[in-house]
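Asks:
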Amino acid sequence: MQPVELKTLTPPPGKTGDRLDLYLSNALDITRSKVQDWLKRGFVQVLGSNRPKNYRLRDGDEITVQIPDPVICEATPQSIALDIVYEDDDLLVVNKEKGMVVHPAVGNRDGTLVNALLAHCGDSLSGIGGVLRPGIVHRIDKDTSGLLIVAKNDRSHHHLAEQIKAHSFLREYETVVTGRLKEDKGTVDAPIGRHPVQRKRMAVLSNEMMEAGKAKNAVTHYEVIARYGGFTHVRLRLETGRTHQIRVHMSYLGHPVAGDTVYGTAKMPSMLKKLKGQCLHARTIGFVHPRDGRWMEFDSELPAYFKDFLNDLGEPV
0 MQPVELKTLT
10 PPPGKTGDRL
20 DLYLSNALDI
30 TRSKVQDWLK
40 RGFVQVLGSN
50 RPKNYRLRDG
60 DEITVQIPDP
70 VICEATPQSI
80 ALDIVYEDDD
90 LLVVNKEKGM
100 VVHPAVGNRD
110 GTLVNALLAH
120 CGDSLSGIGG
130 VLRPGIVHRI
140 DKDTSGLLIV
150 AKNDRSHHHL
160 AEQIKAHSFL
170 REYETVVTGR
180 LKEDKGTVDA
190 PIGRHPVQRK
200 RMAVLSNEMM
210 EAGKAKNAVT
220 HYEVIARYGG
230 FTHVRLRLET
240 GRTHQIRVHM
250 SYLGHPVAGD
260 TVYGTAKMPS
270 MLKKLKGQCL
280 HARTIGFVHP
290 RDGRWMEFDS
300 ELPAYFKDFL
310 NDLGEPV
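Heads up, the sequence shown is in numbering that gives the first Met the number 0, so the first residue is 0 and it goes up one at a time.
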């Protein structure tokens, strides 16, 4: 496997004493397991020498990282209808339906968005996502509907990923949460990491856990659209993009997303069971086009399941 990109990083003074694998995981926004694999393969050097994963950073360290070639995708192209909002030679904006998985995984080897993209785009997808995630710059949950962007080449992928990292990539959602939100608007600034006991879930963790590398900062801005008896229709803007961020933050506030059996309650009335998953829609995305620098913004109409649920709630109160 040959490297296709060389990165040089100089840790700031505040990172002195941090573990090498933890620093690189955060700096490159990749998993620690991937960093550790690169360390084993000799793709990472500190001042020209290989170091173990638990090496502690020192003043004056210069880290060289050879980014290896992405592995050829082995997912199978499938002819699945896609709602493509925009497409050019560099990217696509897709309106994903509720219930569609973004990329293949255990239990969902086909019928995913990636399978559909491979049939639609052929070899014209960024390879940075690895074996099963070609072109995927960011993702949304299976039972979340709405807009996401797909990169057709590595240059676009890098450019878009940098915008997400810099918080300049606009992502707005609409949801209905249980209960009555008191404030008309607000911000949840609470770190998110893997649940310490239930490892398939995420959770709000302490700042100390974030400093230890076991959580990442997460910021969600929200604004009430309308209140109903026992529910609140909310608009949200993501400043960061952590796994299950909106669902975790709304549950943290005591107002889980309607229909969410993971962060809400497994026992719910029939009107919520009809949702078949959380009532959450990725409504708006905005970004700078990676080739010509244009600001592009797209909006997606609320889908039928969302509108039907609002109608079931009756008039706002």
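Yeah, the Cβ is synthetic: ideal placement off N, Cα and C, and Gly gets one too.
Among the candidates Y54, N53, G59, whose CA atom is the shortest distance from the CA of L8?
Replies: Locating residue 8 in the sequence shown gives position 9, where the first residue counts as 1. Minimum Cα distance to L8 is reached at G59.
Asks: Helix or strand or just coil, what does DSSP make of S299?
Replies: Here residue 299 refers to the residue found at position 300 of the sequence shown. Correct three-state label for S299: coil.
Asks: Do you know how far the Cα of T231 is from the Cα of L252?
Replies: Position 253 of the sequence shown, counting from 1, holds the residue named residue 252. Position 232 of the sequence shown, counting from 1, holds the residue named residue 231. Spanning the two alpha carbons is a distance of roughly 13 Å.
Asks: Cα-Cα, which of S269, T30, D142 is closest to V261?
Replies: Residue numbering aside, residue 261 sits at position 262 when the sequence shown is read from its first letter. Checking every option, the nearest Cα to that of V261 belongs to D142.
Asks: Buried or exposed for H166, please, with buried defined as at least 16 other CB atoms from any protein chain shown within 10 angstroms of its CB.
Replies: Residue numbering aside, residue 166 sits at position 167 when the sequence shown is read from its first letter. Burial call: exposed.
Asks: Using only CA atoms, which one of R246, L237, G126, Y22 lies nearest to R154?
Replies: Numbered from its first residue, the sequence shown carries residue 154 at position 155. Considering only alpha carbons, the answer is G126.
Asks: Inspect the beta-carbon positions of L38 and D17 and report whether they are closer than 8 Å.
Replies: Taking the sequence shown and counting its residues from 1, one reaches residue 38 at position 39. Taking the sequence shown and counting its residues from 1, one reaches residue 17 at position 18. Note that the C-beta distance between L38 and D17 is not below 8 Å.
Asks: Could you tell me the distance, in whole angstroms, from the CA atom of V64 to the CA atom of L23?
Replies: Position 65 of the sequence shown, counting from 1, holds the residue named residue 64. Position 24 of the sequence shown, counting from 1, holds the residue named residue 23. Rounded to whole angstroms, V64 to L23 spans 9 Å at the Cα level.
Asks: Rank G128, R226, E171 by C-alpha distance to the C-alpha of A281 and give the top, closest one.
Replies: Walking along the sequence shown from the start, residue 281 turns up at place 282. Cα-wise, what sits closest to A281 is E171.
Asks: Going by Cα to Cα distance, which pick from P12, V218, N94, P51 is closest to R31?
Replies: Position 32 of the sequence shown, counted from the start, is the residue given in the question as residue 31. Here the closest residue by C-alpha is P51.
Asks: Please work out which residues of its chain come closer than 7 Å, Cβ to Cβ, to V316, disregarding the five sequence neighbours upstream and downstream, and give them in chain order.
Replies: For the purposes of this step, residue 316 is identified with residue 317 of the sequence shown, where counting begins at 1. Excluding sequence neighbours, V316 sits near R226, Y227, G228.
Asks: Does DSSP put E171 in a helix, a strand or coil?
Replies: Position 172 of the sequence shown holds residue 171. Assigned with DSSP and collapsed to three states, E171 falls in strand.
Asks: Rounding to the nearest angstrom, what Cα-Cα distance links P10 and V34 in this structure?
Replies: Taking the first residue of the sequence shown as position 1, residue 10 is located at position 11. Taking the first residue of the sequence shown as position 1, residue 34 is located at position 35. P10 and V34 have their C-alpha atoms roughly 16 Å apart.
Asks: Per DSSP, what are the beta-bridge partners of V193 in this structure?
Replies: In the sequence shown, counting from the first residue as 1, residue 193 sits at position 194. Correcting the residue identity first, residue 193 is Arg in this sequence and not Val. Looking at the DSSP output, R193 bridges to M201.
Asks: I'd like to check one pair, V176 with R138: are the Cβ atoms closer than 8 Å?
Replies: The residue given as residue 138 occupies position 139 in the sequence shown. The residue given as residue 176 occupies position 177 in the sequence shown. No, they are not a contact pair.
Asks: How about the stretch 110-125 and the stretch 178-189: do they share at least three Cβ pairs that are nearer than 8 Å?
Replies: no
Asks: Using only the alpha-carbon positions, how far apart do K97 and L169 sit?
Replies: Numbered from its first residue, the sequence shown carries residue 97 at position 98. Numbered from its first residue, the sequence shown carries residue 169 at position 170. Between K97 and L169, the C-alpha separation is close to 21 Å.
Asks: By the 10 Å Cβ neighbour count, where 16 or more other Cβ atoms means buried, how is D140 classified, buried or exposed?
Replies: The residue labelled residue 140 in the question sits at position 141 within the sequence shown. The residue in question, D140, is buried, as its Cβ has 16 or more Cβ neighbours within 10 Å.
Asks: Report the rounded CA-to-CA distance for P302 versus R290, giving the unit in angstroms.
Replies: What you label residue 302 is simply residue 303 of the sequence shown in a count that begins at 1. What you label residue 290 is simply residue 291 of the sequence shown in a count that begins at 1. Cα to Cα, P302 sits roughly 31 Å from R290.
Asks: In angstroms, rounded to a whole number, what distance separates the CA positions of L90 and V196?
Replies: Along the sequence shown, one-based indexing puts residue 90 at 91. Along the sequence shown, one-based indexing puts residue 196 at 197. Distance between the alpha carbons of L90 and V196 is about 39 Å.
Asks: Ignoring anything shorter than 3 residues or poking outside the stretch 111-178, list the beta strand (DSSP E) runs there in chain order.
Replies: 144-150, 169-177
Asks: Work out the CA separation of P103 and V92 for me, nearest whole Å.
Replies: Stepping through the sequence shown from its first residue, residue 92 is reached at position 93. Stepping through the sequence shown from its first residue, residue 103 is reached at position 104. Going by the C-alpha atoms only, they are around 19 Å apart.
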